[in-house]
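These protein sequence lines map, in sequence, to chains Z and P.
If you count the first sequence from 1, position 282 lands on 282 in full-length UniProt numbering, and the numbers rise without skipping.
If you count the second sequence from 1, position 171 lands on 171 in full-length UniProt numbering, and the numbers rise without skipping.
Every residue, glycine too, gets a C-beta built ideally from N, C-alpha and C.
There are 2 protein chains.
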Amino acid sequence: MAKRTETPGRLDDAARAGWLYYVAGRTQDEIAASMGISRQSAQRLVSLAVAERLIKVRLDHPIAACLELANQLRRKFGLKYVEVVPSDPGSSSTTVGIAEAGAAEIERWLKRPEPIVLAVGTGRTLKAAVDQLPAIECPNHRIVSLTGNIAPDGSAAYYNVIFSMADAVKARHYPMPLPVLVTSAEERELLHGQQLVRSTLDISAQADVTFVGIGELGIDGPLCVDGFLEKDEMMELMRGGAAGEICGWIFDADGKLIDNPINERVASAPIPSRESSTVIGLAKGKRKYKAIRAAVVGRQINSLITDEDTAEFLLRN
Amino acid sequence: MAKRTETPGRLDDAARAGWLYYVAGRTQDEIAASMGISRQSAQRLVSLAVAERLIKVRLDHPIAACLELANQLRRKFGLKYVEVVPSDPGSSSTTVGIAEAGAAEIERWLKRPEPIVLAVGTGRTLKAAVDQLPAIECPNHRIVSLTGNIAPDGSAAYYNVIFSMADAVKARHYPMPLPVLVTSAEERELLHGQQLVRSTLDISAQADVTFVGIGELGIDGPLCVDGFLEKDEMMELMRGGAAGEICGWIFDADGKLIDNPINERVASAPIPSRESSTVIGLAKGKRKYKAIRAAVVGRQINSLITDEDTAEFLLRN
DNA sequence: TTTGCTCATGAGCAATTACTCACCAAATGG
DNA sequence: CCATTTGGTGAGTAATTGCTCATGAGCAAA
């Protein structure tokens, strides 16, 4: 844009007005009086000072850096909601900070007066967040699990989040009476046809907000550690370009669900719409960098709660 | 489990709200919505952030008139560094504006990569400036107090700047374990002979930059108000031609230290060299005109941060 | 357990600020 | 020289913010 020569004195006046307003804390009326102009003009000068960035505001608090990172992430990836918590260099925990922030966000949703459907996935991080929840009564809301609560050996799964949630939150809750992975696509169809499962799937599709963990792959990743996949299956997945998983749905580095028999055996509900609802991923940590990045760029999630280090990685790469 | 409203968490919220308001430019309604609180609470958090000095506002524009005044002052008095901030006609504060400008200058020095010795005097204005400092880590620098930190009644002095500074700035700091005024010249010699005091005095003599307030005399001046001098002592001083003081060192209208028993009882370190280092005075206001003028013409300081009105006085007289 | 204190909260209202509109004056350009 | 553009102004009004008050929760002392 062709910048014309501004009236030279005007910026000076703007600076003076801005100073009087922000530093000295005078009202625009007082500024107008002391500069001999109308109140409106004083207002214009003040906003000009802001627009011309003559006024520098700095926030002197550790949280400032996090907010800045969150803003950048939101812009870069077009996310709906981003929260960045400070990294704790001394801790190797994958949940500290995130759990609290996640719980606070869950609580904010549950405190809404209008009835909502809140869906939850699985994972250690999400479990940790749910464990931070205070007791809340919200009989109007419904809480639904996207993933099955049955482990490969038939027991209740290790990280079934919805039951922990039900302990704290008084609301109707809908677990998913299925394993995470079934033996074949056919079996999945059969199970999903059951009335009970059907209705839970229907509710999950209406979720207003969804909280999911993001799992990394590899023989140390949750799918292997929890016994859902054998090492050789995992190896094959990784050879096929798999980068991470959410509720068992495995995606590649671009965040696209991969075309592999294993994805056809996932009995979890589909991840609710990222267009019409809020899908919040909770994850941090170097081992998950690749998975988180994939989930964000491929829009498996549209909101993120993570830590500073991870945020910086996502912005750099 | 259950969470409570802790004070630290509240400050974090305040920081977040302040950031959203001042940096991100959201309205308080939007902030309230995104933080899940009422608008009133959001407003309170924002004003808390201001009250807690989490928000630092700085004007990044050399206002022409101020620059011009600063230039003239520098020329007229041969000063090294002069900063003039706009006068706020409606305010009787002796610190508004100067404090921010002083803090910015201190910060500039502390951000230097090479190790420096920074000396500080005392006074309300200087205290206000130091209170504006953000947290800085500068383990290479040393910060030394020129004046004692013990009040006449034996308590820590009202305006002991170095401890406030130590709160914000991570650097080695050297307080002066002495009163400002001792009972006799002999006592001063005795105290100054102590090893600890000796080494602090030595460091102060090496100061690369010094920040001092300039005190006016009179029964409303700081020396009387803070109880260092009795009224009759003050009256006698003024009859003797005293015009102002820096760190307790009392000088006449020509800026020469006066020949009076009281000056022999000042236990402060001598003001560091105005030939080989930078000695910056912070002061404004009609009551201080005479003292500031004396300090400048007598070269008790070689740099000045003041306001327009004071600058104009100094140029006229 | 009761009492009293502190402090956060939401509501309502007053003060302050931002924005839009219509108009004017000086520069610009044919 | 006039039409046009640019930039500024005040008025009026909508939006936003700041403040006071009544209330209730948490907590410590009695």
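- The residue from Z:Pro-177, Z:Leu-223, Z:Val-212 and Z:Ser-184 with its alpha-carbon nearest to that of Leu-201 of chain Z is Z:Pro-177.
- Taking 7 Å as the cut-off, the Cβ atoms of Thr-125 of chain P and Thr-147 of chain P do not count as close.
- Taking 7 Å as the cut-off, the beta carbon of Ala-101 of chain Z is found closer than this to the beta carbon of Ile-305 of chain Z.
- Ser-87 of chain P and Ala-283 of chain Z have their C-alpha atoms some 51 Å from each other.
- For Trp-249 of chain Z and Leu-118 of chain Z, the gap between their C-alpha atoms comes out near 19 Å.
- Leu-314 of chain P counts as buried, since no fewer than 16 other beta carbons sit within 10 angstroms of its beta carbon.
- Sequence-distant partners of Gln-72 of chain Z (beyond 5 residues in either direction) whose C-beta falls short of 6 Å from its own C-beta, in its chain, are Leu-315.
- For the beta strand (DSSP E) assignment, the uninterrupted runs of no fewer than 3 residues enclosed by the stretch 106 to 164 of chain P are, from N- to C-terminal side, 117 to 120 and 136 to 150.
- Counting along the chain, the unbroken beta strand (DSSP E) around Leu-304 of chain P starts and ends at 303 to 307.
- Remark: three or more beta-carbon pairs, one from each stretch, lie closer than 8 Å, so the stretch 193 to 210 of chain Z and the stretch 268 to 275 of chain Z are flagged as touching.
- For Arg-265 of chain P, same chain residues with a beta-carbon under 6 Å away, outside a window of 5 residues either side, are Leu-181 and Val-182 in chain order.
- Distance from the Cα of Asp-29 of chain P is smallest, within the candidate group P:Asp-259, P:Ser-41 and P:Trp-19, for P:Ser-41.
- Interface with chain Z (7 Å Cβ-Cβ cutoff): Gly-97 of chain P is included.
- When the beta-carbon positions are compared, Val-120 of chain P and Ser-145 of chain P come within less than 7 Å of each other.
- Using a CB distance cut-off of 7 Å, Tyr-22 of chain Z counts as an interface residue toward chain P.
- In the structure shown, the three-state DSSP call for Ala-207 of chain Z is coil.
- Ile-37 of chain Z sits in coil when the DSSP states are folded into three classes, being neither helix nor strand.
- Under the 7 Å criterion on CB atoms, Lys-56 of chain Z is classed as interfacial with respect to chain P.
- Around Glu-107 of chain P, the same chain offers Leu-133, Pro-134 and Ile-136 as residues with beta carbons nearer than 8 Å, after the five sequence neighbours per side are excluded.
- Using beta-carbon distances, Ile-63 of chain Z counts as an interface residue toward chain P, with a partner under 7 Å.
- At least one C-beta of chain P is nearer than 7 Å to the C-beta of Leu-67 of chain Z.
- Val-297 of chain P and Leu-196 of chain P have their alpha carbons spaced roughly 34 Å apart.
- In this structure, the beta-carbon distance from Ala-294 of chain Z to Gly-241 of chain Z does not fall below 7 Å.
- In the three-state reduction of the DSSP assignment, Pro-62 of chain Z falls in the coil class, being assigned neither a helical nor a strand state.
- Among the CB atoms of chain P, one or more fall inside 7 Å of the CB of Arg-16 of chain Z.
- Listed by position along chain Z, the residues whose Cβ is nearer than 9 Å to that of Glu-100 of chain P are Val-23.
- At a cut-off of 7 Å, the C-beta of Asp-60 of chain Z has a neighbouring C-beta in chain P.
- Sequence-ordered contacts of the stretch 70 to 82 of chain Z with chain P read Asn-71 [C-beta pairs closer than 8 Å].
- Given a length threshold of 4 residues, each whole run of the alpha helix (DSSP H) inside the stretch 157 to 201 of chain Z is given here in chain order: 161 to 168 and 185 to 192.
- Distance from the CA atom of Phe-211 of chain Z to the CA atom of Ala-243 of chain Z, rounded to whole angstroms, is 20 Å.
- In the three-state reduction of the DSSP assignment, Phe-251 of chain P falls in the strand class.
- The C-beta distance from Leu-20 of chain Z to Ile-31 of chain Z rounds to 5 Å, short enough to meet the 8 Å contact threshold.
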